[in-house]
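> First, the structure itself, so that you have it in front of you.
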């Protein structure tokens with residue numbers, strides 16, 4: 001029998017005990033394939049039932065040793081692990097669960113994460129070491145080990161105190177990550193405090209590319225239902241289907257603002273409330289301040305209270321029940337500079353100018369990721385803290401598990417969320 | 001409280017005096033004054049009680065009241081003694097003083113041997129001071145050494161601060177603060193002027209000209225730390241297209257609609273992102289270089305006919321064969 005040495009899958013081995021072909025898991029060993037010597041199918045007589053892709057997958061899988069479980073979510077389980085060859089080189093292994101929605105393939109989030117992380121190599125973006133599949137057709141992503149928690153727990157932990165220079169250092173690492181994504185035509189679309197993990201040396205790394213996509217071609221619509229609500233820019237809340245890097249810049253501005261005030265900057269419970277919270281600070285957009293704003297799907301003219309309220313972002317089918325229009329629809333003025341000075345003393349004049357540039361309602365007037373890095377805030381005093389001198393928190397390994405297992409865009413509303421999940425045995429009696 | 005215990009056991013008065021519970025100046029004893037505390041002055045290390053110190057030295061410096069000691073003592077320098085043995089007290093004081101001046105560490109020397117030689121010298125002068133051998137000469141050498149060290153540190157500090165000032169000057173020379181700093185640094189430079197006038201290089205100041213008290217073989221020179229580079233917000237990264245230039249606008253049919261569409265405009269869709277992406281994907285992806293191919297085609301036109309541009313390009317460049325058939 002002549003076997004082609006290249007990738008053509010081998011026909012099922014003869015005999016009654018033939019396993020079913022597992023085509024789905026085959027082409028997954030895409031990373032590290034270059035440094036693994038590809039064994040040719042014909043040359044190894046012991047592996048008669050396995051084709052080359054499977055053998056390569058095994059080669060990758062054998063490099064890692066899975067350790068303790070760090071966290072489990074609906075979407076993935078995160079384990080700690082290390083290279084078998086070097087037990088001191090730690091990794092986090094994110095095992096994606098077989099998803100009910102994607103029975104015949106890989107979950108969208110995993111595809112996106114693999115696709116973009118394998119292309120992006122930057123010190124401020126989480127590194128994807130390898131991808132392999134296991135027998136039960138689960139995909140495991142071998143990610144960088146980032147044990148020091150995330151940016152959100154940093155500002156939430158009040159025992160940690162930090163200075164304007166520290167904020168600048170963290171913000172710069174975030175800005176570099178976003179700039180690098182945009183230079184490589186990747187929209188992250190889920191930038192928030194707990195997707196910014198901190199490595200052992202203090203470096204901030206952007207993680208969770210489950211909602212990322214590359215820049216769309218002109219005319220191709222994108223979904224507006226992305227980005228965790230607190231960080232969602234007004235154009236997405238209004239239902240824009242054609243947008244650019246500005247959406248990530250807005251999220252980045254909100255993250256920096258939260259770091260500076262150590263609380264949520266624009267909290268809300270629904271998408272409509274989110275718009276109201278944004279308008280409260282930045283004023284109601286008009287055709288003058290934001291040309292074309294009235295053409296958005298969920299736009300309501302400010303003074304017309306007879307029209308039903310704009311939908312909340314879950315889609316046109318879930319039209320929100322009309323909130324009290326009379327008070328909320330009148331045109332609001334943007335907050336003056338004194339408001340910013342009062343609320344963000346830690347950022348200084350330059351920092352305030354920067355985040356106001358990043359948090360501009362009209363995405364065309366908003367700074368681009370490159371303009372953000374060219375802002376005078378970074379080079380003026382105080383100089384950003386060196387990463388080894390940054391304040392850090394203790395054991396955050398469980399937190400890393402928490403962060404990596406989450407599904408993209410999932411809102412963690414906190415207490416209520418957890419209570420709802422608990423089984424109430426008291427009610428059974 | 002061993003003293004209290006011994007007293008309770010009925011120790012003799014002589015024992016008490018030896019223990020020092022009687023002030024040698026006023027002869028008052030702890031029996032009469034339970035709160036009595038003793039003081040010594042590192043000038044001569046003679047003990048006396050606190051009330052004597054107050055009485056004798058409260059009106060300024062005075063001679064030591066102990067017979068045979070003519071030293072002038074000041075009240076401010078009297079202190080409680082740490083060690084019971086006053087010889088130890090004195091030695092510790094001397095060692096402290098020497099260590100403050102002779103403070104080199106192993107990393108300051110080229111070899112371990114040099115460092116050990118240095119330690120040997122330090123120990124020698126320490127014992128000279130303790131045993132009062134060559135007291136004057138040793139004191140002088142120590143003083144000279146201290147001054148030389150101070151001058152060296154100062155010259156380094158001034159170069160660092162000068163660097164700092166020039167850095168701030170270049171950032172914004174217009175602002176008021178910058179002018180103030182400029183003025184200040186001008187004054188500093190003037191102040192440095194006379195001292196550095198006779199020595200052209202601040203580094204070469206103390207090598208042969210001045211007596212530094214000691215010379216140590218293998219002692220490294222103090223060097224000013226490298227100036228910190230200005231902060232780079234890009235972290236050293238630079239992404240500029242190398243193979244093409246993106247223009248502001250391209251007139252192509254299939255994107256003209258998107259260019260004017262209000263949804264694209266208001267949503268923040270930037271058509272220039274599409275331009276640069278299209279060009280990047282067209283030119284940076286597979287190691288295809290149009291210019292080189294054009295040159296290769298011209299070469300080909302003059303020479304052989306019938307060879308594909310791809311191979312012609314690699315042959316013309318003399319470069320490696322580009323492996324185009326990646327199995328994945």
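Residue numbers (the UniProt record's numbering), protein chains in the order written: chain A, 1 to 429; chain B, 1 to 328. Cβ atoms here follow ideal geometry from the backbone N, Cα and C, with glycine treated the same way.
(1) Using only alpha-carbon positions, find the residue among A:96, A:92 and A:135 that is nearest to residue 54 (chain A).
(2) Residues of the stretch 238-259 of chain A with a CB closer than 8 angstroms to any CB of chain B: list them in chain order, please.
(3) So for residue 136 (chain A), helix, strand or coil by DSSP?
(4) Taking residue 231 (chain B) as the query, report the chain A residues whose CB atoms sit under 7 angstroms from its CB, ordered along the chain.
(5) Mapping DSSP to helix, strand and coil, what is residue 82 (chain A)?
(6) From the beta carbon of residue 234 (chain B), is the nearest beta carbon of chain A less than 8 angstroms away?
(7) Just the chain B side, please: which residues come within less than 8 angstroms of residue 215 (chain A) by C-beta, in chain order?
(8) Where do the ends of the beta strand (DSSP E) carrying residue 66 (chain A) lie?
(9) Within the 8 angstroms Cβ cut-off, does residue 146 (chain B) reach chain A?
(10) Select from A:92, A:69, A:172 and A:60 the residue whose C-alpha is nearest the C-alpha of residue 377 (chain A).
(11) Determine, using beta carbons only, whether residue 102 (chain B) and residue 122 (chain B) come nearer to each other than 8 angstroms.
(12) Where does residue 111 (chain A) fall in DSSP's three states?
(13) Using CA atoms only, rank isn't needed, just tell me which of A:234, A:177, A:155 and A:366 is closest to residue 501 (chain A).
(14) Do residue 218 (chain A) and residue 258 (chain B) have their CB atoms nearer than 8 angstroms?
(15) Within 8 angstroms of any Cβ in chain A, is that where the Cβ of residue 127 (chain B) sits?
(16) Tell me which residues of the stretch 158-172 of chain A have at least one Cβ-Cβ distance to chain B shorter than 7 angstroms, keeping chain order.
(17) Residue 90 (chain A) and residue 79 (chain A): beta carbons closer than 8 angstroms?
(18) Could you please give the first and the last residue of the uninterrupted beta strand (DSSP E) stretch that includes residue 331 (chain A)?
(19) How many whole angstroms separate the CB atoms of residue 283 (chain A) and residue 232 (chain A), which I take to be in contact at a CB cut-off of 8 angstroms?
(20) For residue 360 (chain A), tell me which candidate among A:294, A:267, A:247 and A:163 has the shortest Cα-Cα distance.
(21) To which residues of the same chain is residue 224 (chain A) closer than 7 angstroms at the C-beta, ignoring the five residues directly before and after it?
(22) Cα separation between residue 152 (chain B) and residue 88 (chain A)?
(23) Hey, could you find the ends of the beta strand (DSSP E) residue 126 (chain A) is sitting in?
(24) Just the C-alpha distance for residue 36 (chain B) and residue 140 (chain B), rounded to the nearest angstrom, thanks.
(25) What residues in the stretch 259-270 of chain B have a beta carbon less than 7 angstroms from any beta carbon of chain A?
(26) Assuming residue 363 (chain A) and residue 331 (chain A) form a contact by the criterion Cβ under 8 angstroms, report the distance between their Cβ atoms to the nearest whole angstrom.
(27) DSSP on residue 91 (chain B), reduced to helix/strand/coil?
(28) Residue 200 (chain A): beta carbon under 7 angstroms from a heavy atom of the ligand FMN?
(29) Can you tell me whether DSSP reads residue 94 (chain A) as helix, strand or coil?
(30) At the level of alpha carbons, what is the spacing between residue 59 (chain B) and residue 65 (chain B)?
(31) Pairs of beta-carbons, one from the stretch 200-219 of chain A and one from the stretch 119-126 of chain A, closer than 8 angstroms: are there three or more?
(32) Check whether chain B comes within 8 angstroms of residue 176 (chain A), counting only Cβ atoms and requiring the distance to be less than that.
(33) What is the rounded straight-line gap between the Cα of residue 51 (chain B) and the Cα of residue 157 (chain B)?
(34) Given that residue 218 (chain A) touches chain B, what residues does it touch there, using C-beta distances under 9 angstroms?
(35) Between which two residues does the alpha helix (DSSP H) carrying residue 255 (chain A) extend?
(36) Residue 69 (chain B) and residue 49 (chain B) - do their beta-carbons sit closer together than 8 angstroms?
Inspection of the coordinates gives the following:
(1) The shortest Cα separation from residue 54 (chain A) among A:96, A:92 and A:135 belongs to A:135.
(2) 240, 241, 242, 243, 244, 245, 246 and 247
(3) coil
(4) In chain order: 378, 379, 383 and 384.
(5) strand
(6) yes
(7) The contact set of residue 215 (chain A) on chain B, defined by CB atoms closer than 8 angstroms, consists of 273, 274 and 277 in chain order.
(8) 64-72
(9) no
(10) A:172
(11) Yes, Cβ-Cβ distance for residue 102 (chain B) and residue 122 (chain B) is below 8 angstroms.
(12) helix
(13) No information on residue 501 (chain A) is available, as it lies outside the stretch 1 to 429 that chain A covers here.
(14) Yes.
(15) Taking Cβ atoms only, chain A never reaches closer than 8 angstroms to residue 127 (chain B), which makes this a no.
(16) 172
(17) no
(18) No beta strand (DSSP E) holds residue 331 (chain A); DSSP gives it neither H nor E.
(19) Contact flag wrong, Cβ pair sits at about 18 angstroms.
(20) A:247
(21) 236, 239, 240, 241 and 313
(22) 45 angstroms
(23) No beta strand (DSSP E) holds residue 126 (chain A); DSSP gives it neither H nor E.
(24) 39 angstroms
(25) The residues in question are 262, 263, 264, 265, 266, 267, 268, 269 and 270.
(26) At roughly 20 angstroms, the Cβ-Cβ gap does not stay under 8 angstroms, so residue 363 (chain A) and residue 331 (chain A) are not in contact.
(27) helix
(28) For the structure depicted, the ligand FMN is absent and the ligand set is empty, with no information on it obtainable.
(29) When secondary structure is reduced to three states using DSSP, residue 94 (chain A) falls in the strand class.
(30) 15 angstroms
(31) yes
(32) yes
(33) 47 angstroms
(34) Residues of chain B with a Cβ closer than 9 angstroms to the Cβ of residue 218 (chain A) are, in chain order, 254, 255, 257, 258, 259, 261, 264, 269, 271 and 274.
(35) 246-261
(36) no
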